[in-house]
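Each residue of the sequence shown is one higher than the one before, starting from 1 at the first, in the UniProt record's numbering. Heads up: the structure comes next, in structure tokens.
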Amino acid sequence: MIRRLIIGTVLASVTAAAAAGCGGGGDKAKPEVAWAGKVCDGVTASGAGLSFPQIDPKNGAKSAKALAGFLDAMGRRLQTMETRLQGAGAPPIDNGQAALNTALANLRGTESAVRTASAGLAKAKVTDAKSFKAAVTAAGQAMQKVQTYQGPTKDLRADPALAKAFDQAGSCKTHQL
């Protein structure tokens, strides 16, 4: 169970790390390409600099606190990503608002799961390896969605017009956001 939570958390941080290398949304050829570049810039800024903490199950209390702090930071970054995505507005394509609403709903659901897991770890009475395992197992159950979530750009790419725009946007090309 500890491994599943850590894998899920790592997947989320990998998504953030992949976004960290993306930059420069100056594409002006088409409105949807410029919009995609703006989204990639927002995802990049939201995900940069998050690193997974050192975990030592033998020091359960310290590890639980570090993991809760990491998840709290991840929750704040997801909230920032949501704000930036909202700031970009609906993509200038047919059904753009629906695509944005889907991406925002999935992002909010993931943020909620991360915050629930963080709060659970922060409140857990962890005194040893066994109680750490129990706390992480409970957090892992709260983070089921994080284990499959691939970020708002993946949701937005479900629309073929947006997938093409993301492929053409200079700030998205390198890291395939």
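Ideal placement from N, C-alpha and C gives every residue a C-beta, glycine not left out. In this text the structure is predicted, and so the values were computed from the model without any measurement.
C-alpha gap between residue 137 and residue 31, whole angstroms: Approximately 45 angstroms between the Cα atoms of the pair.
query = Quick one, which of 56, 152, 60 and 171 has its alpha-carbon nearest residue 79's?
reply = If we check each option's Cα against that of residue 79, 152 comes out closest.
Contact check, residue 71 vs residue 108, beta carbons under 9 angstroms
No.
Reduced DSSP secondary structure (H/G/I, E/B, other) of residue 144: If DSSP states are grouped into helix, strand and coil, residue 144 belongs with coil.
- What three-state label does DSSP hand residue 126 in the structure shown? The answer is coil: DSSP assigns residue 126 none of H, G, I, E or B.
Practice item. State the CB to CB distance for the pair residue 57 and residue 133, rounded to an integer number of angstroms; the pair is presumed to be in contact (CB under 8 angstroms). Key: About 7 angstroms separates the two Cβ atoms, so the contact holds.
#### Entry: Cut-off 7 angstroms between Cβ atoms - residues of its own chain near residue 118, not counting five sequence neighbours on either side
Excluding residues within five positions, the ones whose Cβ falls inside 7 angstroms are 68, 71, 72 and 75.
Practice item. Note down, in chain order, each residue of its chain lying with its Cβ closer than 7 angstroms to the Cβ of residue 161, except the 5 sequence neighbours on either side. Key: Here residue 161 has 32 and 93 as same chain residues with Cβ atoms under 7 angstroms from its own Cβ, once five neighbours each way along the sequence are excluded.
DSSP-derived helix/strand/coil call for residue 152
Correct three-state label for residue 152: helix.
Hey, out of 88, 44, 62 and 167, whose CA is closest to residue 123's CA? Ranked by how close their Cα comes to the Cα of residue 123, the residues 88, 44, 62 and 167 have 62 in first place.
The alpha helix (DSSP H) that contains residue 46, what's its start and end?
Its alpha helix (DSSP H) spans residues 31 to 47.
_Close Cβ partners of residue 27 (< 8 angstroms) along its chain, the five nearest in sequence each way excluded_ = Confidence at residue 27 is low in this model, with a pLDDT of 38, below 50, so its placement is unreliable and no value can be given for it.
>> Here's the rule I'm using: 16 or more other beta-carbon atoms within 10 Å means buried, otherwise exposed. How should residue 128 be labelled?
In response: Its Cβ having fewer than 16 others within 10 Å, residue 128 is exposed.
Quiz item: Is the beta carbon of residue 49 less than 9 angstroms from the beta carbon of residue 126?
Solution: The Cβ-Cβ distance between residue 49 and residue 126 does not fall below 9 angstroms.
- For the alpha helix (DSSP H) that residue 164 lies in, which residues bound it at each end? Counting along the chain, the unbroken alpha helix (DSSP H) around residue 164 starts and ends at 160 to 168.
Three-state class that DSSP yields for residue 69 in the structure shown: Residue 69 falls in the helix class under three-state DSSP.
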